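Residue numbers (my numbering): 4 to 376. I have placed the structure first, in the form of structure tokens, so that the comments after it can refer back to it.
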Ligand code: FEO
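The following block contains the structure:
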């Protein structure tokens, strides 16, 4: 069994079960956030006892040829008798029309996903399944568990009781086009770091439904978690489950210090702000938005209790970099509960007042403001 990602060959992960997705190793952006280790879209092909196949999820349409080549390395695509769509976001569903040119499968999806498939691709004949449903295809039992809002309303995961594999779609995924696609063979630290980045930039607004899904999945015996992005979890399932439990919880202890500076004044005051933070926090991570990607800041905020923001005043407002940070805090809802501010007034001031108003409205508690002329 080969373990490396091949652009053309399927990776057998168990007897008759193949990873057939696609990789974009040089892709630097996904969903508007910066990625540094490439992107994968995992799909899985399962052989039934009748010689026919079931496909779980597809890939981004621009990678459809990779998917079809990897399927073809196992079987003629016309042998696909069923397609399970766990989630219709285009990174997993937009190659479906290409798949359907080669076969005429029964498509299984949640009610919400069936509706989206019809509106997105004109594929209006999906068979609707609901949480707890079990179906048998080619002698294999597939069990479905709805996981709404992890990451869209249409999400579900698919469980294979015979092999104890959870096809978890976005959950437990990472943007990590590792040369070895299994957790035991890849750089575990990198995989967990990318799982944190993925969670923070994609899943974080839905921490409550994710925790609920984690609790539901905990009742299943699981030997393999096969997500739709990144490496497959086997030996290190406890590591990724513990990470998600931590990220979904409210026991964050770190502080994230993030600033922008136009002429160096706010940057100079970052040290003063860090000294103040140091009175209460031992784990302080510092980011300069002129150098560090915003997605790295969001990953830090996923494990932070406190956000300390430094901004100059820019025509009466925070700088555009800081305004974007605030928009991301509002959209991605990190678990921070406290904030502090520092920066410069410039010739008129206004940034810290506007930041305080916004952060107060988001329910954060102000600890200090070192902004001055
Ligand atoms: Fe990987 Fe929500 O799509």
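From the three backbone atoms N, C-alpha and C, an ideal C-beta is built for every residue, glycine too. Note that the structure is predicted; figures quoted are calculated from it, not measured.
- For residue 68, the uninterrupted alpha helix (DSSP H) run begins and ends at 67 to 75, by DSSP.
- Judged by beta-carbon spacing, residue 85 lies beyond the 8 Å limit of residue 100, meaning their Cβ atoms are not closer than that value.
- A contact between stretches requires three or more CB pairs, one per stretch, nearer than 8 Å, and the segment 46 to 60 meets this requirement with the segment 16 to 23.
- Every unbroken stretch of the beta strand (DSSP E) spanning 3 or more residues and falling wholly within the segment 222 to 252 is given here in chain order: 227 to 230.
- Here residue 249 has 306 as same chain residues with Cβ atoms under 8 Å from its own Cβ, once five neighbours each way along the sequence are excluded.
- Under the three-state reduction of DSSP, residue 154 is assigned to coil, being neither helix nor strand.
- In the three-state reduction of the DSSP assignment, residue 272 falls in the helix class.
- Judged by pairs of C-beta atoms under 8 Å, the segment 238 to 247 does not touch the segment 255 to 268, as fewer than three such pairs exist.
- Considered as a whole, the segment 329 to 368 harbours 341 to 346 as its complete beta strand (DSSP E) runs of no fewer than 3 residues, in chain order.
- Any heavy atom of ligand 1 counts here; residues with a Cβ closer than 5 Å to one of them, in chain order, are 92, 94, 154, 173.
- Using a Cβ distance threshold of 8 Å, residue 59 and residue 170 count as a contacting pair.
- Judged by beta-carbon spacing, residue 355 lies beyond the 8 Å limit of residue 349, meaning their Cβ atoms are not closer than that value.
- Annotation for residue 188: no alpha helix (DSSP H) segment contains it, and DSSP assigns it neither H nor E.
- Taking the CA atoms as reference points, residue 61 sits about 14 Å from residue 233.
- Taken through DSSP and simplified to helix, strand or coil, residue 201 comes out as helix.
- The Cβ-Cβ distance between residue 30 and residue 38 falls below 8 Å.
- Proximity of the segment 356 to 363 to the segment 316 to 333 meets the contact definition, three or more beta-carbon pairs being nearer than 8 Å.
- Close CB contacts of residue 111 within its chain, under the 6 Å cut and outside five residues either way in sequence, are with 87, 130, 132 (chain order).
- Taking C-beta atoms as the reference points, residue 310 and residue 342 count as a pair closer than 8 Å.
- Between the segment 208 to 220 and the segment 148 to 155 there are three or more C-beta pairs closer than 8 Å, enough to call the two in contact.
- In the three-state scheme derived from DSSP, where H, G and I count as helix and E and B as strand, residue 196 is classed as helix.
- Between residue 273 and residue 32, the alpha-carbon positions lie close to 29 Å from each other.
- Leaving aside the five residues that flank residue 368 on each side, the residues in its chain whose CB is nearer than 8 Å to its CB run, in chain order, 340, 341, 342.
- With distances taken between CA atoms, residue 372 lies nearest to 279 out of 279, 308, 289, 136.
- Runs of the alpha helix (DSSP H) lying entirely within the segment 264 to 319 and spanning at least 4 residues, in chain order: 268 to 280, 297 to 304.
- The beta carbon of residue 78 lies closer than 7 Å to those of 56 in the same chain, with the five residues before and after it left out.
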